[in-house]
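Engineer: The following block contains the structure, expressed as structure tokens.
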Amino acid sequence: MAHPQHEQVRQRYSFRCGYCGVSEADSGGRLTVDHYHPVSQGGGESEDNLVYACIKCNQFKGDFIPHADDQRNERRVLHPLIDPIGQHVQLEPGKGRLKSLTRTGRFHIDLLQLNRPELVKHRLQRQERRLLKRQLDSLIDKVGSLTSTITALELEVERLKRIHGQ
Ligand SMILES: [Zn+2]
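Numbering (the working numbering), first residue to last: 4 to 169.
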């Protein structure tokens with residue numbers, strides 16, 4: 004059964020998995036509601052404890068909760084809306100892989116398996132689509148500018164024909 008706040012959560016996360024960024028459209032269906040702090044460990048239903056998550060991220064995260072030893076070693080899951088993710092994790096340009104910048108980042112990537120082959124492939128495809136879109140936009144601009152040049156030249160030809168009485 005869907006979580007009672009499913010709709011609010013999916014809107015708050017713009018229909019994407021808070022952990023890996025995959026969208027509903029990419030995955031072909033609605034995602035799940037994850038309890039950042041697991042219910043089995045006393046987590047509640049407050050807005051900040053509910054993360055929109057794809058099935059894989061939700062599974063890999065499981066019921067993990069940092070214990071004293073983890074806390075000492077900065078091992079925890081990053082909260083998509085509360086933690087400054089970019090300070091812990093960075094996308095390697097052209098490789099589609101996430102690189103950790105901190106110990107927490109490394110743990111986060113490993114636990115959620117954020118470099119799983121399907122995700123890396125997905126990131127590379129997304130990157131390629133963006134690149135193709137930019138190339139297409141630039142070609143459309145060029146066609147527009149060439150069309151204006153052709154129109155101007157045609158007018159010039161007409162003008163010259165009139166002058167020469169043709
Ligand atoms: Zn995910």
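Every residue, glycine too, gets a C-beta built ideally from N, C-alpha and C.
Can you tell me whether DSSP reads His111 as helix, strand or coil?
Structural biologist: Here residue 111 is taken as the residue at index 108 of the sequence shown, counted from 1. Note: His111 maps to helix in three-state DSSP.
Engineer: Tell me, please, which residues DSSP counts as bridged to Ser30.
Structural biologist: The residue you call residue 30 lines up with position 27 of the sequence shown. Ser30 pairs with nothing; no bridge assigned.
Engineer: What is the rounded straight-line gap between the Cα of Arg126 and the Cα of Leu101?
Structural biologist: The residue you call residue 126 lines up with position 123 of the sequence shown. The residue you call residue 101 lines up with position 98 of the sequence shown. Looking at the two C-alpha atoms, the distance is approximately 10 Å.
Engineer: Within the same chain, show all residues whose beta-carbon is closer than 8 Å to that of Ile68, passing over the 5 residues directly before and after it, in chain order.
Structural biologist: Working through the sequence shown from its first residue, we reach residue 68 at position 65. Closer than 8 Å at Cβ, skipping near neighbours: His40, Pro41 and Gln44.
Engineer: Could you tell me how far apart the beta carbons of Asp86 and Ala56 are, in whole angstroms, since I believe they sit closer than 8 Å?
Structural biologist: Taking the sequence shown and counting its residues from 1, the one referred to as residue 86 is at position 83. Taking the sequence shown and counting its residues from 1, the one referred to as residue 56 is at position 53. Going by Cβ atoms, the distance from Asp86 to Ala56 rounds to 15 Å, so no, they are not a contact pair.
Engineer: Within 10 Å of its beta-carbon, does His167 have 16 or more other beta-carbons around it, so buried, or fewer, so exposed?
Structural biologist: Indexing the sequence shown from 1 puts residue 167 at position 164. By the 10 Å Cβ count, His167 comes out exposed.
Engineer: Go through the residues and name those whose CB comes closer than 6 Å to any heavy atom of ligand 1, in chain order.
Structural biologist: Going along the chain, the residues that qualify are Cys20, Tyr22, Cys23, Val25, Ala56, Cys57, Lys59 and Cys60.
Engineer: In whole angstroms, give me the CA-to-CA distance for Arg137 and Gln130.
Structural biologist: As a working mapping, residue 137 is identified with position 134 in the sequence shown. As a working mapping, residue 130 is identified with position 127 in the sequence shown. Roughly 11 Å separates the two Cα atoms.
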